[in-house]
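> Below you'll find the structure I mean.
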């Protein structure tokens, strides 16, 4: 199903989103619609731009606990769940957890799985199960494979020998599942170490019919725990110019349905002029980050708001003190944020910005 067909099918949801983002949100907190779900903090990669793999081991809530938690009003309106980590496929009960989500979330329309694709057999097994489950319920299932360079460069970015070959093997098998409705793409995190290879990666993916989502590396104490790597991975002045050129190239080749072009234009403005981010974000309005331990955050820059295994999720989400914290994040952190989670949904719901972008031409 192409982008236009998906947009038409979801038109009622998008129209409601436009109303909620531009009108209803002025009168109180919106129901949670998008859920970023780190299902585990375990990871079998050693990425240079992320220290999640160094996180202390922590207890993950059981399926039985999640079954009770998902009865909370917080989850009644959840339409999109992004399964991430760590490496989500390391969670042995991921298929069963996904079954629980599908059964307990009445509004669920979209599932996303982000994977480093290092363990081909395991990834394919999990994806096949989730695809069968989602297809039976009319749920869109998207898999985003992390790939930060071609050949040895990717191995170096992930600090895993043979990582690139494993990713290629996994991608080849995932592409076979596309005929059964799987949506597939590549995520590339750009840093000073791999920026030079971005055009080559883009061409490599295009030859295989794979869209690439280019992400500017983010640094946070509370999620990635990678602030100490910022100096090493940040772009030098010459690299900033190289990055600007690459972003403008991406925008120049955009199509009308390429919502990412808006974001790339926005990032270029942020880098070149120090402008504040204008790209909408679901976490400002109706997104949550709820992890495997039950810790609830508004986003990855949010403090812990509470734990849903101890208190009601809706009560935590709507607590006045927590909502004030979200406004503080919006004022202080959002202007410089380059995170792209649920980007297309945010732009679709706040479509007026995107329409103005199209009418205004390339910037």
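Residue numbers (our numbering): 23 to 385. The beta-carbon is built from N, C-alpha and C at its ideal position, and this holds for glycine as well. Source: prediction; values computed, not measured.
1) Taking the alpha-carbon positions, what's the residue 378 to residue 48 distance?
2) Would a C-beta distance cut-off of 9 Å place residue 127 and residue 103 closer than the cut-off?
3) On the three-state DSSP scale, how would you describe residue 60?
4) Give the C-beta separation of residue 52 and residue 308 to the nearest angstrom, bearing in mind that I take them to be a contact with Cβ-Cβ under 8 Å.
5) What's the C-alpha gap between residue 241 and residue 195?
6) For the beta strand (DSSP E) containing residue 310, list its first residue and its last residue.
7) Express the C-alpha separation of residue 190 and residue 170 in angstroms, rounding to a whole number.
8) Does the distance from the C-beta atom of residue 375 to that of residue 284 stay below 9 Å?
9) Is the beta carbon of residue 304 closer than 9 Å to that of residue 367?
10) According to DSSP, is residue 80 helix, strand or coil?
11) How should residue 30 be labelled, buried or exposed, when 16 other C-beta atoms within 10 angstroms of its C-beta is the threshold for buried?
12) Residue 144 and residue 62 - do their beta-carbons sit closer together than 9 Å?
13) Quick one, which of 86, 257 and 357 has its alpha-carbon nearest residue 299's?
14) Would you tell me roughly how many angstroms separate the C-alpha atoms of residue 348 and residue 316, rounded to the nearest one?
15) Please list the terminal residues of the continuous beta strand (DSSP E) segment that includes residue 210.
16) Tell me whether the beta-carbon of residue 297 lies closer than 9 Å to the beta-carbon of residue 266.
17) In chain order, what are the residue ranges of uninterrupted alpha helix (DSSP H) at least 4 long that sit wholly in the segment 344-368?
18) Within 9 Å of any Cβ in chain C, is that where the Cβ of residue 96 sits?
19) Measure the CB-CB distance between residue 110 and residue 135 and report whether it falls below 9 Å.
20) If residue 217 sits next to residue 261, beta carbons under 8 Å apart, how far is it from one beta carbon to the other, in whole angstroms?
In short, the structure shows the following:
1) Taking the first residue of the chain shown as 1, we reach residue 378 at position 356. Taking the first residue of the chain shown as 1, we reach residue 48 at position 26. Their backbone Cα atoms lie some 22 Å apart in a straight line.
2) Along the chain shown, read from residue 1 onward, the residue named residue 127 stands at position 105. Along the chain shown, read from residue 1 onward, the residue named residue 103 stands at position 81. Yes.
3) Translated into positions along the chain shown, residue 60 becomes position 38. In this structure, residue 60 counts as strand in the three-state DSSP scheme.
4) The residue given as residue 52 occupies position 30 in the chain shown. The residue given as residue 308 occupies position 286 in the chain shown. So it is a contact: roughly 4 Å between Cβ atoms.
5) On the chain shown, residue 241 is found 219 positions in, with the first residue counted as 1. On the chain shown, residue 195 is found 173 positions in, with the first residue counted as 1. Distance between the alpha carbons of residue 241 and residue 195: 32 Å.
6) Looking up residue 310 in the chain shown gives position 288. 309-312 is the extent of the beta strand (DSSP E) around residue 310.
7) In the chain shown, residue 170 corresponds to position 148, counting from 1. In the chain shown, residue 190 corresponds to position 168, counting from 1. Rounded to whole angstroms, residue 170 to residue 190 spans 12 Å at the Cα level.
8) If you number the chain shown from 1, residue 375 lands on position 353. If you number the chain shown from 1, residue 284 lands on position 262. For residue 375 and residue 284, yes; Cβs fall inside 9 Å.
9) Translated into positions along the chain shown, residue 367 becomes position 345. Translated into positions along the chain shown, residue 304 becomes position 282. Their beta carbons are under 9 Å apart, which means residue 367 touches residue 304 by this criterion.
10) Taking the chain shown and counting its residues from 1, the one referred to as residue 80 is at position 58. Correct three-state label for residue 80: coil.
11) Residue numbering aside, residue 30 sits at position 8 when the chain shown is read from its first letter. Its pLDDT being 49, under 50, residue 30 is placed unreliably in this model, and the value from its coordinates should be taken loosely. Residue 30 should be labelled exposed.
12) Your numbering for residue 62 matches position 40 in the chain shown. Your numbering for residue 144 matches position 122 in the chain shown. Taking 9 Å as the Cβ cut-off, residue 62 and residue 144 do not qualify as a contacting pair.
13) Indexing the chain shown from 1 puts residue 299 at position 277. Answer by Cα proximity: 357.
14) Here residue 348 refers to the residue found at position 326 when the chain shown is read from its first residue. Here residue 316 refers to the residue found at position 294 when the chain shown is read from its first residue. Residue 348 and residue 316: Cα-Cα distance of roughly 19 Å.
15) Within the chain shown, numbered from 1, the residue matching residue 210 stands at position 188. From DSSP, the beta strand (DSSP E) with residue 210 extends over 205-212.
16) Residue 297 sits at position 275 when you count from the first residue of the chain shown. Residue 266 sits at position 244 when you count from the first residue of the chain shown. No, Cβ-Cβ distance for residue 297 and residue 266 is not below 9 Å.
17) none
18) The chain inventory of the structure shown lacks chain C, comprising one protein chain alone.
19) Residue 110 sits at position 88 when you count from the first residue of the chain shown. Residue 135 sits at position 113 when you count from the first residue of the chain shown. Yes, Cβ-Cβ distance for residue 110 and residue 135 is below 9 Å.
20) Here residue 217 refers to the residue found at position 195 of the chain shown. Here residue 261 refers to the residue found at position 239 of the chain shown. Their Cβ separation, rounded to whole angstroms, is 6 Å, which keeps residue 217 and residue 261 in contact under 8 Å.
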